[in-house]
Every structure is written in C-alpha cells, then in structure tokens.
Amino acid sequence: MPKAERTILSTRPLPATLILEAAAEGFAVNCLSFIETEAIADASLMQRVRFLATEPHSVIFTSMNAVDAVSSWLKDRPQWSVYCIGHSTRERVEEELQAPVAGTADDASALADRIIAAGEQSLLFFCGDQRRDVLPLKLREAGITLDELTVYRTIATPHALGRDYSAVLFFSPSAVQSYASANQFSPSTVSFAIGSSTAEALLQAGADHIVTAKQPGKETLLRLAIEHFRNFTTTE
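Going by the numbering used here, the sequence shown opens with residue 320, and the numbers climb by one from there.
Rendered as structure tokens:
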C-alpha cells in the first residue's frame, strides 16, 4: 500500500465497493456530482415514444440517461434492435428494455462505423439536449436517415473546490464544462476522461494532464487512475 494517500475526485457517484477497493490501494475517493439529468416531461413526446415502441426500429442509445428516460415511459417490451456505447449502457438496455443489442462500440465514431457497416438505412436516436455531433454527422454523411428524439436534459451543478486532487475523473463533456466554470485545472492534477469526446472537452477547457480510458465504464476509469499512480511518480 502506498505510504502517502492520494486523493481522487469523481465527478459522478461511484459504488461503495469501488471506493473501498481504492482505499485498500491507498487512495481516498470523494464523489461530487457536477451535472444532474432529468427526463423531459412532455406528454406528446411520451406518447410518440410509446407508439414507436410498438414498431420494429433500429435505435441508438449513447447514454444510460436516455435508456432510463425511455424505459420509464414504456409499459411493454419495445420491438427494437439497439446500438449503444459502452458496457454499462448495454447492460441498462438489456435489463430495462429487454431489447436485443445489434452492436456496441467504445465511442460515438466507432459506433457510427459499426452502424454503417451493418447497412442500416434509418434509425431512431434517443439522446440528451447536449448530445455531441460526431455520431449524427457521420451517419448523415453516409446517407443514413436519423430521427433524433431528445428525451432528457442535462443541468450543470458546479462546485468551487478550493483544493487540488491527485486526479479528477470525468464521465462526460458536460461535467467538464460544469467543473471548468467554477475551477481552474491545476498542473499537479491528472484528469481522467471516460472517452475521446470527454478528453477533447478537457483539452479545450485547459486541462494540463489528460489520460483517456480505452474502454468506457466507471470501474475502468477509477482503476485506470489507480494503475496510473502505481506506475508513475507525480507531484501532488
């Protein structure tokens, strides 16, 4: 166990088991949410989603928040084939929607490539109000029709920290923007990004040291931070 305890800030909640796992390695993990999400309360949108669920469609989910919003409106299993990003989103699709997963990828660009390779012609995209442009642009450039339905909104909840951490874990570009609105990036802090879009947001926000996970997931990102400090000596 390291003699000097390092501090990690997660910008979203983590399971207690992961926090205990980190503590056993000499890392103190604090969790502080920098964004909140809420399903869009719109009766006409809800009715449309329920109707679409009765028809066979290929659909896209790029976040668990979209899955949660859609599943809360449905009474029956949808007649959909799903493309999604990441292991956690796939698990949520299989558990809450019980829909078959046609394909997954680790980021939006790779998912678009997979959809194009599958020969899809038309899809539904359930997304948030701050969704990134990468996937829609790539699909439309390939001649694929995309019907976007915004089913949740993201609300920034910035906090001024008043201290530095050894590492900060970021899980979305919106969390980066919320963090940067109230804090400066310290040269002594390593920023860990869950994917390429989040890493790009960190770069634009002025982060000094960025490490990007090769695969998305809360567990993956925390363990990447622990492994990073195991292998490299940094100045806190």
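Beta carbons: idealized from backbone N, C-alpha and C, even for Gly.
Check                                                                                                                : Outcome
For residue 486, the nearest candidate out of 356, 544, 341 (CA to CA)                                               : 544
CB-CB length for residue 442 against residue 465, believed under 8 Å                                                 : 6 Å
Those runs of the beta strand (DSSP E) which lie wholly inside the stretch 472-507 and span at least 3 residues      : 486-489
Other residues of its chain near residue 347: CB distance less than 6 Å, five sequence neighbours each side excluded : 324, 326
Three or more C-beta pairs below 8 Å linking the stretch 502-514 and the stretch 393-401                             : no
Other residues of its chain near residue 495: CB distance less than 7 Å, five sequence neighbours each side excluded : 489, 517, 520, 521, 524
Host beta strand (DSSP E) of residue 356 (start-end)                                                                 : 354-358
Start-to-end residues for the beta strand (DSSP E) that takes in residue 420                                         : 420-424
Candidates 526, 481, 448, 459: closest to residue 475 by CA position                                                 : 448
Per DSSP, the bridge partner or partners of residue 639                                                              : The structure shown does not extend to residue 639, since the chain spans only 320 to 555, so no value can be given for it.
Short Cβ contact (8 Å threshold) for residue 388 with residue 358                                                    : yes
Beta-bridge pairing of residue 349 - partner residues as DSSP gives them                                             : 328
Expected contact under 8 Å - CB spacing of residue 512 and residue 531 to nearest Å                                  : 5 Å
DSSP state of residue 379 mapped onto helix, strand, coil                                                            : strand
Beta-carbon proximity list for residue 301, same chain, < 6 Å, skipping 5 on both sides                              : Past the boundaries of the shown model lies residue 301; the chain is included only from 320 to 555, so the question cannot be answered.
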